Amino acid sequence: MPEMSFGQAVDRAIEDGMVRDETIVLIGEDVPMLRAPLFARFGADRVLAAPISEAAFVGAAAGAAMAGLRPVVELYMVDFVAVALDAVLNHIAKLEAFSGGKWRAPLVIRAPSGAGYGDGGQHGQALWGSLASIPGLTVVVPSTPADAYGLMTTALAHDGPVIFMESKLLSEEWLEFLGRGGRDTVTFAVPADGAHGMVPAPPHAVPFGSAAVRREGSDLTIASVAVGVHRALAAAARLDGEGVDCEVLDLRSLRPLDVETVAASVQKTGRLLAVDEDYREFGLSGELAAVCLEAGLSPRFGRVCVEDTLPYARHLERNALPNADRIVAAVRELVSV
Amino acid sequence: MDLPHLYRQMQRARAYELAVEEMWNHGLISGEMHLGTGEEAVAAGVVTQLEDGDGLALTHRCSPALVVRGVPLVPMLRELLGAEDGLCGGRGGHMHLFSKEHLAATSGIVGASLPTAAGFALANRRLRPGAIAVAFTGAGAMNQGMALETLNLAVAWRLPLLIVCIDNGWAITTTSDSVTGGSLVERARGFGMRAEEVNGRDVRAVHKAAAKSIERARRGKGPSFLLATCPRLDGHFLGDPLIRMAKRPIAEGKAVLGSVLSSVTSRGGGGLSDRAGGMTQMMSVMAKARRGATRDGRGDPITAVHKAMKKHEAERDRIDAEVTAEIEAAVAEALAGVEEDPDA
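Chains as they are written, first to last, in my numbering: chain A, 61 to 397; chain B, 10 to 353.
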C-alpha cells in the first residue's frame, strides 16, 4: 500500500470497509462534497447528506445502528459533539449496559479534533478525555496514517460505539479546508511523520487498547496521543543531546487504555510525563497518574496539557498547546531530582 | 426611513469586510473567516433600528451586524489579528466576538444565537422594559434542535424577540433545500410565531418589515420571525473550495476530480444508477455555485442600494468618500506595528 496522508488513510479505510460491508453507511453534513469519491462510488443511499442537526443525525445513527446498519457519522469537529451529547452520553453509551449486554450499537463517530491553526476555542478542543470518561464508549486517537487506517478498520468491524478522533493538524485535508483555504501566506507546525506515512499492505487492523512504544528509553516515560506523540518525540530527540533518555508511548486508544504497557514502562523509568492536548484537569493526564498508583507504582509525575480555554491568537495558542519546548522543560524538571 | 444612513451602513460593512479579506489573504488572520458579503441590506435594515439596551446574538458570519451596531472597528480588527488590545484580548477570534456594552455576542456553534437572544430578551423584559433582542441566524441553522426549541420558547414566554433568518440558499457546501423540509416561514408560523419573508437584497423592504416586528416586540406583543433571502457572495468562508473549484475547475479541481473518478470506476460499491446519481448531484451543486451572484453584479445588494441612491448622487459620493476614509484609517491604525507572516 502506498504512502498516504492521514486523511486519505481514514477515507481509504472507510471506503474499503464500505466495499466489504454493505451495512456501512456514511452520514454527515456536506459528506457528498467532503467525501466526493465515496459519494460517487456508493451513491446517495449510502452517503447521506445531513442537515445541520447534530442531535438528530447522531441520534438517528444510533437508532440505525441498533436496527442493523453500521453508520459512520461525521462531525465537522468534536466540539460540536456537545450539540449531540444526549445521543452519545445517554443513549449510544448506555445501550449495552441497559440491555444486559444483549444489544450493542455498531456506530463510529469520526470527529476531527484539536487545534494549531488558529480557529479559536470553540473549534480546536480535543475532548477525548471527557468522552473517554463515559463507560460504554471506545475512544481511539491515532497519530499516524498507518494507525488511522488500522484503527478505523477495527472500529468499522467493532460491535459497539467508537469515537474516532482525527487530529486536524495531522490531516492536511482539514488543514487546507479550515486553515489554509488556498493561501500560501500561513504556516502550521505540522508533524511530518504524522501527516504522511506508509500504510502497510495488505490492509491491516490495529487492535483497541494497544499502545505503541515509539521510542525506547530508560530515564523517563512520556505518554501521549495524536500530535502530542510527535511533539514528545521531537522533545526526546533534543533531550538525548543532554543525556536524558526518554521513552515515548503512543497510547492510540484511551478507552480501553493499555495500562499494562504504561505500567511496564513506568516501572522501568520511574518517571512519567503525561502530554495531552486535552484539558489538564479531570482527564487523561490524571488518569495516567491514577493507573500507575493503582499498579503500585509511584513515579515522579508531571504533565503538559491544555490548561485553559484555547486562545485564538496564534502565538498564545502555540504556547497553550503542548509543544516541544514545554515538554523539554517539564522533563528537565522531572529528571532534576 | 433614512436611506442615506442605510446606504452608509451597508457600505461600511462591505468596506470593512473587504479589508478583512485582504488581511486574511496576507495570512494576518488565522483559521476560518466567514464574510457576510451579500447580507449588508439585512444587517443595515435591522440593526440600525436597535437602541441602547437592545441585545444582539450573532453567528460566525457576524461582521456586518457588528459594524452597523457601532462596535468600534479598530478593536474588532485588532481582535482578528490576535492582538492583546483586540476587542476580546486576542482570545476570542472572529467567530467569538463579544461586546458587553452593546449586549452583543457571537458563536461558532450553528443555531446557538437563538437561545442566547431569547435570554437577552427575557432579561430585557425584566430589567429594561421596552428593550428587545435580535437573533441573526442562517437558514441552515433552522434545522438545529436548539433553534426550533427557541421558536417555541419565545412564543410560550411571549418574548420581545426578533429572529432574523438569512437564507442564502446554502448550508456550507450543501444546498439548503436538499436538507430542509417545508418552508421556514410556515415552520415559524406552526409555532404560533408571527413570520414573514422579505427580499434581503432590498434594504428598504428589510427596514420596513423589521420596523413592524421590532415595534410589536417593544410593546410586549411577542416575537417575530423574518426570513430574508440574499446572495452568498463569497462562499461559506474565504478560500471555500467549492467556490474555487466552481470558478477554476481545472486548476483547483484536478486532484478532487482524479480521486472521484478513480473511486467511481472502482470495482465494488453502488450500482450504475447509484454512481450516476451521485455524480449528477455533485455536478448540479457545482453548477449552482458557479451561477451564484457575484460582488458588484446585479444580485449584489450594494449594487441595488447604490442605484436606489441615484437621486442623492452628491450625498452618495460624499458617503462613499467618508466610508473609504473611515475604513482606511481603521485599517491603518489596526495594522500599525503588525508584521506580515506572524508564524514566521
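From the three backbone atoms N, C-alpha and C, an ideal C-beta is built for every residue, glycine too. It should be emphasised that the depicted structure is a prediction, and the values quoted were computed from it without experimental measurement.
{"Asked": "Closest by C-alpha distance to A:D5, when choosing among A:S313, A:D336, A:L317 and A:I84", "Found": "What the structure shows of chain A is the stretch from 61 to 397, and residue 5 of chain A is not part of that stretch, so it cannot be assessed."}
{"Asked": "Proximity winner among A:G346, A:A96, A:I152 and A:E114, relative to B:T289 (alpha-carbon distances)", "Found": "A:A96"}
{"Asked": "8 Å Cβ cutoff, B:I336 in contact with chain A", "Found": "no"}
{"Asked": "Below-8 Å beta-carbon distance, B:D186 vs any chain A residue", "Found": "no"}
{"Asked": "Cβ separation of A:R363 and A:A334, assumed to be a contact under 8 Å, to the nearest whole Å", "Found": "4 Å"}
{"Asked": "Delimiting residues of the beta strand (DSSP E) encompassing A:D338", "Found": "R331 to Y339"}
{"Asked": "C-alpha distance - A:M78 paired with A:T281, whole-angstrom precision", "Found": "39 Å"}
{"Asked": "Proximity to B:E30 [Cα-Cα], best of B:D243, B:T303, B:V347 and B:A330", "Found": "B:D243"}
{"Asked": "Contacting residues, own chain, Cβ-Cβ under 6 Å from A:A73 (five flanking each side not counted)", "Found": "Y209, M212 and T213"}
{"Asked": "Residues of its chain near B:A353, where Cβ-Cβ distance is below 8 Å and the 5 sequence neighbours each way are ignored", "Found": "A caution first: B:A353 carries a pLDDT of 41, below 50, which makes its placement in the model too unreliable to give a value."}
{"Asked": "B:V55 versus A:N150: straight-line alpha-carbon distance, rounded", "Found": "41 Å"}
{"Asked": "Within chain B, partners of A:S358 - CB distance below 7 Å", "Found": "Simply none; closest approach about 38 Å."}
{"Asked": "Helix, strand or coil at B:L242 [DSSP, three-state]", "Found": "coil"}
{"Asked": "Under 7 Å from the C-beta of B:N152: neighbouring residues of chain A", "Found": "P111, I112 and S113"}
{"Asked": "Backbone secondary structure at B:G54 - three-state DSSP", "Found": "helix"}
{"Asked": "Closer than 8 Å at the beta carbon, the chain B residues around A:P251", "Found": "Per Cβ cutoff of 8 Å: no residues; A:P251 is ~16 Å from chain B at best."}
{"Asked": "Residue range of the alpha helix (DSSP H) that includes A:H256", "Found": "Here A:H256 belongs to no alpha helix (DSSP H); instead the beta strand (DSSP E) covers H256 to M258."}
{"Asked": "Cβ of A:H183 within 8 Å of any chain B Cβ", "Found": "yes"}
{"Asked": "Interface flag, B:N34 vs chain A, CB-CB below 8 Å", "Found": "yes"}
{"Asked": "Entirely enclosed alpha helix (DSSP H) segments - the region 76-142 of chain B, minimum 4 residues", "Found": "82-89 and 122-136"}
{"Asked": "Cβ-based burial, B:N152 [other Cβ within 10 Å; buried from 16]", "Found": "buried"}
{"Asked": "Residues within the region 155-187 of chain B neighbouring chain C, beta-carbon criterion of under 8 Å", "Found": "As a matter of chain content, chain C is missing from the structure shown, whose protein chains are A and B."}
{"Asked": "A:V138 beta carbon less than 8 Å from that of A:A171", "Found": "yes"}
{"Asked": "Residue closest to A:A294, alpha-carbon to alpha-carbon, out of A:A249, A:A261, A:P260 and A:R331", "Found": "A:A249"}
{"Asked": "Contiguous beta strand (DSSP E) assignments of at least 3 residues, all confined to the region 174-241 of chain A", "Found": "198-200 and 222-227"}
{"Asked": "B:M42 - partner residues in DSSP beta bridges", "Found": "The partner list for B:M42 (beta bridge, DSSP) is empty, contrary to what the question assumes."}
{"Asked": "Contact set between the region 216-247 of chain A and chain B, restricted to residues whose Cβ is under 9 Å from the partner", "Found": "E236, F237, L238, G239, R240, G241, G242, R243, D244, T245, V246 and T247"}
{"Asked": "Interface partners of A:L98 on chain B, CB under 8 Å", "Found": "S272"}
{"Asked": "Endpoints, the alpha helix (DSSP H) within which A:G346 is located", "Found": "L344 to E354"}
{"Asked": "Cutoff 8 Å: B:L247 Cβ touching any chain A Cβ", "Found": "yes"}
{"Asked": "Straight-line gap, B:G261 to A:A69 (C-alpha atoms, nearest Å)", "Found": "The sequence shown places Glu at residue 261 of chain B, rather than the Gly named in the question. So the two alpha carbons sit approximately 22 Å from each other."}
{"Asked": "6 Å Cβ shell around B:A225 - same chain, five flanking residues per side excluded", "Found": "First, the residue type needs correcting, since residue 225 of chain B is Arg and not Ala in the sequence shown. None."}
{"Asked": "CB contact check: A:F102 to chain B, cutoff 8 Å", "Found": "yes"}
{"Asked": "Coil, strand or helix - A:D310 by DSSP", "Found": "strand"}
{"Asked": "Three or more C-beta pairs below 8 Å linking the region 162-172 of chain B and the region 129-143 of chain B", "Found": "yes"}
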